[in-house]
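Novice: One structure coming up, written as structure tokens, with questions to follow.
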Amino acid sequence: MTHQNFSTKIVNSIMRYATNKYLTLKPSSLTQLPPPNSTKAKEKSYLLYIHIPFCMTLCTYCSFNRFLFQEDKAKAYFELLRKEMLMVKDLGYDFNAIYVGGGTTSIMPKELCETLDLAKSLFGIKEVSCESDPNHLHLEELEMFRGRIDRLSVGVQSFDDGILRKVGRYEKFGSGKEVIKKLQKAIGVLPILNVDLIFNFPNQTKEMLAKDLEIIKELKPEQVTLYPLMSSPSVKSILKRSIGEVSLKNEAQLYWQILETLKEDFSPLSSWAFSHKGSAIFDEYVVNNDEYVGIGSGSFSFLNGTLYVNTFSLKEYAHKINSGNMGVARERKYSKKAQLQYRLMVELFGGKASAKDFKQKYNANLEWDLFKELAFLKLTGNIYKKDGDYYPTTQGKYLFLSMMKEFYIGMDRVREESRAMLKEEDM
């Protein structure tokens, strides 16, 4: 426990420093993304991320790029998305997987289907994952998604009515019982339904979490993801006013409770994602895809060691696309060392760091290039070595969950900075 507390505090401090340092972006002069690496293009090892930034109502604690839904604006936006997708094709990219995020991705299901159909006609797509919410689980919509979407990830957050009321979801999506009924009807329609939950809400007890976990065991969704509550600086004050002070005091204990409760029925896919035993496996895209192309306002791309961010302004995005340019607005180049450190974190978060893979993918000697990092993780009891590969210990699973949380909080800060620059006419 002492090692756990020490290593987690040290690593979290390092992560906060690193995200502040490395997630500071500069304006980009590019009018389009760089072309693909020829080898990776042949292997179709890129992921295509599609961002749909519209919601019927806006959650105050959400930092993702999102705007209030207006049908005419949204319809025009989908047309722009498809134009940018064609530009990506012209650059020579191919993809094996798509991830659609938002916003509310299924806010216009016919437009979403048309966009996915175009992507499948252009690229060698094998898997499509899409975010959703409890209000978009209508059977007729799900039937439209058959053959188009392989994994639907539904943001539930909690089944506890008290928590739902405090975070403003009870009025928007219904009570815990109502959400359960919607999920019961939706499970089994598509190949994989993933339920997103959050733990470590202020004042959340072990008993409250236990009820959420028992409901999951009864529902038997193909996958469940349990995120620790993430609060970037601006969101922290909003959360404090609505649900209370965010604290890390009980986070580790609640995480051990999750691992213990789910171990009989679910297998881990990463530190926070679990697959129901006997269900199809759909791994986390962030672990398996080291490079990705993002299209849409507010999307991110990572290519050749550089992070690119599309404009968050709907007005500027439309102007760029209609002028024959892509949506790129800001960028940041990373050293090989920084890239290797990031991949070590992500792959251990996913359950294994392979020396062979590091050599093949990054032309790196894992044990030489990341000697200090591995030594610290071994010394503090967070990883162990087996057959040349490195695996997280039980303690290490929590450490890498904490690291990924800090990384995502850093990404939220980038989004907040981008959104803070928007004017009324940009929305």
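Be aware that the sequence shown starts at -7, since it is given in my numbering, and climbs by one per residue.
Idealized CB from N, CA, C, for every residue including glycine.
Run the CB neighbour count on residue 374, radius 10 Å, all protein chains shown included, and call it buried at 16 or more, exposed below.
Specialist: Against the sequence shown, residue 374 aligns to sequence position 382. Buried, by the Cβ-count rule.
Novice: How about residue 266 and residue 251: are their beta carbons less than 7 Å apart?
Specialist: Your numbering for residue 266 matches position 274 in the sequence shown. Your numbering for residue 251 matches position 259 in the sequence shown. Their beta carbons are not under 7 Å apart, which means residue 266 does not touch residue 251 by this criterion.
Novice: Just list the alpha helix (DSSP H) runs in the segment 198 to 250, keeping only unbroken ones of 4 residues or longer that don't cross its boundaries, in chain order.
Specialist: Taking only runs of at least 4 residues, the alpha helix (DSSP H) segments lying wholly in the segment 198 to 250 are 198 to 211, 225 to 234.
Novice: Give me the residue from 371, 376, 126, 238 with the minimum Cα distance to residue 189.
Specialist: Within the sequence shown, residue 189 is the residue found at index 197, counting from 1. Checked all of 371, 376, 126, 238; the closest Cα to residue 189 is 126.
Novice: Just how far apart, CA to CA, sit residue 359 and residue 347?
Specialist: The residue given as residue 359 occupies position 367 in the sequence shown. The residue given as residue 347 occupies position 355 in the sequence shown. Answer to the nearest angstrom: the Cα atoms are 8 Å apart.
Novice: Put residue 408 into one of helix, strand or coil per three-state DSSP.
Specialist: For the purposes of this step, residue 408 is taken as residue 416 along the sequence shown, with counting starting at 1. Reduced to three states, the DSSP call for residue 408 is helix.
Novice: According to the neighbour-count rule (16 or more other Cβ atoms, all chains shown, within 10 Å of its Cβ), is residue 98 buried or exposed?
Specialist: Taking the sequence shown and counting its residues from 1, one reaches residue 98 at position 106. With 16 or more other Cβ atoms within 10 Å, it is buried.
Novice: Who are residue 149's beta bridge partners in DSSP?
Specialist: Residue numbering aside, residue 149 sits at position 157 when the sequence shown is read from its first letter. In DSSP, residue 149 forms a bridge with 189.
Novice: Are the beta-carbon atoms belonging to residue 339 and residue 345 less than 7 Å from one another?
Specialist: In the sequence shown, residue 339 corresponds to position 347, counting from 1. In the sequence shown, residue 345 corresponds to position 353, counting from 1. Yes, these two residues count as a Cβ contact at 7 Å.
Novice: Nearest to residue 170 by alpha carbon, out of 156, 367, 121?
Specialist: Along the sequence shown, one-based indexing puts residue 170 at 178. Of 156, 367, 121, the residue nearest in Cα terms is 156.
Novice: Under the assumption that residue 333 contacts residue 365 (Cβ atoms under 8 Å), give the Cβ distance between them as a whole number of angstroms.
Specialist: Indexing the sequence shown from 1 puts residue 333 at position 341. Indexing the sequence shown from 1 puts residue 365 at position 373. With 8 Å as the limit, residue 333 and residue 365 qualify as a contact, their Cβ atoms being about 6 Å apart.
Novice: Should residue 27 be labelled buried (16 or more other beta-carbon atoms within 10 Å of its own) or exposed?
Specialist: For the purposes of this step, residue 27 is taken as residue 35 along the sequence shown, with counting starting at 1. Classification of residue 27: exposed, given that the 10 Å Cβ count is below 16.
Novice: Using CA coordinates, which residue listed in 202, 70, 69, 222 is at the minimum distance from residue 401?
Specialist: Residue mapping note: residue 401 aligns to position 409 of the sequence shown, counting from 1. When each option's Cα is compared against that of residue 401, the closest is 222.
Novice: Is the distance from the Cβ of residue 21 to the Cβ of residue 322 below 7 Å?
Specialist: Looking up residue 21 in the sequence shown gives position 29. Looking up residue 322 in the sequence shown gives position 330. Not closer than 7 Å, so no.
Novice: Can you round the beta-carbon distance between residue 110 and residue 74 to whole angstroms, since I take them to be within the 8 Å contact cut?
Specialist: Along the sequence shown, one-based indexing puts residue 110 at 118. Along the sequence shown, one-based indexing puts residue 74 at 82. Right, their Cβ atoms sit about 5 Å apart.
Novice: Out of curiosity, what's the CA-to-CA distance linking residue 136 and residue 158?
Specialist: Numbered from its first residue, the sequence shown carries residue 136 at position 144. Numbered from its first residue, the sequence shown carries residue 158 at position 166. In a straight line, the C-alpha of residue 136 is about 34 Å away from that of residue 158.
Novice: How would you label residue 421, buried or exposed, when you count the other beta carbons within 10 angstroms and need 16 or more for buried?
Specialist: Outside the shown range of the chain (-7 to 419) lies residue 421, about which nothing can therefore be said.
Novice: If you draw a straight line from the alpha carbon of residue 241 to that of residue 228, how long is it in whole angstroms?
Specialist: As a first step, residue 241 must be located in the sequence shown, where it is residue number 249. As a first step, residue 228 must be located in the sequence shown, where it is residue number 236. Taking the straight line from one Cα to the other gives about 16 Å.
Novice: Distance check for residue 40 and residue 314, CA to CA, integer angstroms please.
Specialist: On the sequence shown, position 322 is the one that residue 314 refers to. On the sequence shown, position 48 is the one that residue 40 refers to. The alpha-carbon atoms of residue 314 and residue 40 are separated by roughly 21 Å.
Novice: Where are the beta strand (DSSP E) runs, 3 residues long or more, that stay fully inside the segment 283 to 346, in chain order?
Specialist: You should have 284 to 287, 292 to 295, 298 to 302, 320 to 325.
Novice: Is there contact between the segment 109 to 124 and the segment 192 to 209, where contact requires at least three CB pairs shorter than 8 Å?
Specialist: Counting Cβ pairs under 8 Å, fewer than three are found: no touch.
Novice: Using DSSP with H/G/I as helix, E/B as strand and the rest coil, what is residue 130?
Specialist: Position 138 of the sequence shown holds residue 130. Here residue 130 sits in coil by DSSP.
Novice: For residue 14 and residue 324, what's the separation of their Cα atoms in angstroms?
Specialist: In the sequence shown, counting from the first residue as 1, residue 14 sits at position 22. In the sequence shown, counting from the first residue as 1, residue 324 sits at position 332. Each residue's alpha carbon lies about 8 Å from the other.
Novice: Nearest to residue 25 by CA position, among 283, 393, 117, is which residue?
Specialist: Here residue 25 is taken as the residue at index 33 of the sequence shown, counted from 1. When each option's Cα is compared against that of residue 25, the closest is 283.
Novice: Check the C-beta distance from residue 289 over to residue 57 and give it rounded, since I have them as a contact under 8 Å.
Specialist: One-based indexing of the sequence shown puts residue 289 at position 297. One-based indexing of the sequence shown puts residue 57 at position 65. Contact holds; Cβ gap of about 6 Å.
Novice: Decide if residue 68 is buried, meaning its Cβ has at least 16 other Cβ atoms within 10 Å, or exposed.
Specialist: Counted from its first residue, the sequence shown places residue 68 at position 76. By the neighbour-count rule (16 or more Cβ atoms within 10 Å), residue 68 is not buried but exposed.
Novice: Whose C-beta lies closer than 6 Å to the C-beta of residue 147 among residues of the same chain, with five residues either side of it excluded?
Specialist: As a first step, residue 147 is located in the sequence shown; it is residue number 155 there, counting from the start. Around residue 147: 125, 188.
Novice: Just verifying my parser: in three-state terms, what is the DSSP assignment at residue 14?
Specialist: Taking the sequence shown and counting its residues from 1, one reaches residue 14 at position 22. If DSSP states are grouped into helix, strand and coil, residue 14 belongs with the helices.
Novice: May I ask you to report which of helix, strand or coil DSSP gives residue 85?
Specialist: What you label residue 85 is simply residue 93 of the sequence shown in a count that begins at 1. The answer is coil: DSSP assigns residue 85 none of H, G, I, E or B.
Novice: For a test of the three-state rule: what should DSSP assign to residue 154, helix, strand or coil?
Specialist: Translated into the one-based positions of the sequence shown, residue 154 becomes position 162. Here residue 154 sits in helix by DSSP.
Novice: From the DSSP output, in three-state form, read off residue 178 for me.
Specialist: As a working note, residue 178 is residue 186 in the sequence shown. If DSSP states are grouped into helix, strand and coil, residue 178 belongs with the helices.
Novice: Mark residue 311 as exposed unless 16 or more other C-beta atoms lie within 10 angstroms of its C-beta, in which case mark it buried.
Specialist: Counting from one through the sequence shown, the residue named residue 311 turns up at place 319. Label assigned to residue 311: exposed.
Novice: Identify the residues that DSSP records as bridge partners of residue 384: which are they?
Specialist: Within the sequence shown, residue 384 is the residue found at index 392, counting from 1. The partner list for residue 384 (beta bridge, DSSP) reads 375.
Novice: According to DSSP, is residue -6 helix, strand or coil?
Specialist: Start at 1 with the first residue of the sequence shown, and residue -6 comes out as number 2. Caution is warranted here: a pLDDT of 49 is assigned to residue -6, below 50, making its placement in the model unreliable, and the coordinate value is therefore given only provisionally. The answer is helix: DSSP assigns residue -6 an H, G or I state.
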